[in-house]
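Below: the structure, in structure tokens.
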Amino acid sequence: MSLMDWIDERIHLKELIKGQLTEYYVPEEINLWYSLGGLALFIFIVQVLTGILLLVYYIPHTDFAYDSIQRIMTQVPYGWLIRLVHAVGATMMIAAVTLHMVSVLFMGSYKKPRELHWMSGFLLMLLTLGIALSGYLLPWSQLSYWGTTVATNAAGTVPWIGPELNRFLRGQEIVGGPTLSRFYAMHVALIPATMVLLVALHLFLIRRTGISDPPGR
Amino acid sequence: MGEGRSEQEILLESRRKFLGQCLAVLGATALGGALYPVVQYLRPLEADKAARKVEVDLGEIPMGTAKTILYRGLPTLVINATEGVVAISAVCTHLGCIVKWQEERKMLFCPCHAARFALDGRVLGGPAPAPLEVHPVTVAGGKVMLGA
Ligand code: HEM
Ligand code: FES
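These protein sequence lines map, in sequence, to chains A and B.
All residue numbers for the first sequence refer to my numbering, where the first residue is 12 and numbers rise by one.
All residue numbers for the second sequence refer to my numbering, where the first residue is 3 and numbers rise by one.
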């Protein structure tokens, strides 16, 4: 008896796989745009995997961050590959999420009963931008440093709470060690964990309502 | 099932199976290709297996004392003894603890199960089954050189 049969006999897994995967039917007229959410999820998984690998050599400290990245790029076998997949993947993920949102918008897939899908998706897009912004500071390069200075300055222009928000993000008056620490915590723990939960909700909602019919049907 | 099926159905099913197998082979190849760099990335760095050639300043080791350094990535004692400078592995041959140089007793002592070794690596007592490895050194210009 195969392992699969052993498992199936106990928890009836095959029936679930059949109903949810191999024999899950979708509208016939479905088009390429419908693949973008899945693409974004795939890139997210790649980011999590390469991100965990980067953690092996990355040192989140202002004295060591830059050199640890140089070491990944020049000394660690295939370090350049892991890092560039992560860096390029970040841009690709934003592209995928944005195009996904645009397609949902112009096909009208957000309409009743799928408003919750849109709201959870909107939060996921914000978090994607947030994780990319926080990751960008981690190499502690000139580009990272000044990019973050500008981005946190932008937060400082929010009416009323702006200056306080700016200080809260930076952990002090200017971008420095405390900023690196909080961006690091956001980048590798807070945001990805929140995203996993929201993706689970997003997928659950999609399965509950079924996928939308393309327009004109 | 079986008799009731048309030729068309049987053909479709065997094609489905064949395509599935092709997909499995492709998938396994892609997975292998992706896994190879990951394994290489995670392997301990050769460069960190460290210095095959080490230089120690004799000035850092007053007469009668010893200094623990890393030689080929392993703890090694450089001892400035009256008999001359000795470099000897500090990894106990019993269960691998790090042995210490005892200045007064002029021997190496393992804190784990009390194995004792002489300056030439010989076992003087305790559970150690084999002598410690002594590395040849050259002393020149106030420097001790290992593994030239
Ligand atoms: C659990 C998931 C993740 C972990 C553990 C992680 C970890 C890291 C680490 C350690 C770095 C610093 C190394 C480097 O700069 O190359 C980094 C950089 C970066 N990450 Fe992530 N990351 C994760 C997910 C993501 C996601 C989902 C995105 C984008 C949507 C992203 C975008 C970035 C960006 C833009 C950088 C800077 C790239 C660079 O300039 O090299 N990360 N990440
Ligand atoms: S490990 Fe040294 S005596 Fe046991």
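No residue lacks a Cβ here, since even glycine has one placed at the ideal position from N, Cα and C.
Exercise. Regarding Leu97 of chain B and the ligand FES, is the C-beta to nearest heavy atom distance less than 7 Å?
Worked result: yes
Exercise. Under the criterion of a Cβ to heavy atom distance below 7 Å, does Cys24 of chain B qualify as lining the ligand FES?
Worked result: no
Exercise. In this structure, does DSSP put Val40 of chain B in helix, strand or coil?
Worked result: helix
For this session: Flag this pair as yes or no: are the beta carbons of Thr73 of chain A and Trp157 of chain A separated by less than 8 Å?
Result: no
Problem set entry | Near the ligand FES: Pro238 of chain A beta-carbon under 7 Å from a heavy atom | Since the first residue shown for chain A is 12 and the last is 228, residue 238 of chain A is missing from the structure and cannot be characterised.
Exercise. Going along chain B in order, which residues have a C-beta closer than 8 Å to the C-beta of Tyr89 of chain A?
Worked result: Pro39, Val40, Gln42 and Tyr43
Problem set entry | Cβ neighbours of Thr109 of chain A in the same chain (closer than 8 Å, five flanking residues each side left out) | Met136
Exercise. How about Gln42 of chain B and Pro88 of chain A: do their beta carbons lie closer than 8 Å?
Worked result: yes
For this session: For Trp17 of chain A, decide whether its Cβ has a neighbour in chain B, counting only Cβ atoms nearer than 8 Å.
Result: no
Exercise. Taking the C-alpha atoms as reference points, what is the distance between Lys108 of chain B and Val80 of chain B?
Worked result: 13 Å
Problem set entry | Beta-carbon neighbours of Leu92 of chain A, restricted to chain B and to distances below 9 Å | Pro39 and Tyr43
Exercise. If you measure from the beta carbon of Val37 of chain A to each beta carbon in chain B, is any gap under 8 Å?
Worked result: no
For this session: For the segment 56-82 of chain A, enumerate the residues whose C-beta is nearer than 8 Å to any C-beta of chain B, in chain order.
Result: Leu64 and Val67
Problem set entry | Selection from A:His97, A:Ala200 and A:Asn42 that minimises the alpha carbon distance to Leu65 of chain A | A:His97
Exercise. Can you tell me where the alpha helix (DSSP H) with Thr190 of chain A in it begins and where it stops?
Worked result: Gly188 to Ala196
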